[in-house]
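Residue numbers (the numbering used here): 48 to 170. All C-beta atoms in this analysis are idealised placements derived from N, C-alpha and C, irrespective of residue type, glycine included.
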């Protein structure tokens with residue numbers, strides 16, 4: 048999948064939406080990023096707690112919700128991305144470098160949901 052995502056490099060995020068698991072704790076299970084009038088979906092495989100990143104085909108408007116902190120993503124340029132494999136062989140994080148090459152925004156999976164993390168550089 049990583050090679051299929053190269054089209055996002057250098058593009059600007061236009062919008063971000065989330066989908067919650069209405070059946071279990073209302074946790075985030077999918078994140079939709081609109082980029083250059085296309086999109087990607089970051090979702091969690093709830094059986095394996097892994098992150099899956101795919102080109103977006105369709106957003107179900109009945110289930111999407113605006114992210115309250117969308118200003119941290121919208122109008123930011125994607126400079127880099129990472130989809131690393133952990134020591135057990137699973138992808139459990141997707142990282143974006145927005146406006147910088149270093150990772151600035153992380154989507155991590157834990158307990159069958161996605162957590163959104165913003166990185167603050169301290170040096």
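- In the DSSP assignment, residue 152 falls within the unbroken beta strand (DSSP E) covering 152-157.
- Per the coordinates, the alpha-carbon of residue 143 lies some 15 Å from the alpha-carbon of residue 62.
- 8 Å or more divides the Cβ of residue 97 from the Cβ of residue 159.
- DSSP places residue 115 outside any beta strand (DSSP E), giving it a letter other than H or E.
- Its Cα nearest to that of residue 104, the residue 79 stands out among 79, 54, 152 and 136.
- The way I'd put it, the stretch 52-59 does touch the stretch 126-135; three or more beta-carbon pairs between them come closer than 8 Å.
- Each of 120, 169 and 168 was checked against the Cα of residue 145, and the nearest Cα belongs to 120.
- Burial state of residue 86 is buried, judged by a 10 Å Cβ sphere holding 16 or more other Cβ atoms.
- With distances taken between CA atoms, residue 89 lies nearest to 66 out of 59, 70 and 66.
- The distance from the Cβ of residue 64 to that of residue 122 is about 16 Å, inconsistent with a contact at the 8 Å cut-off.
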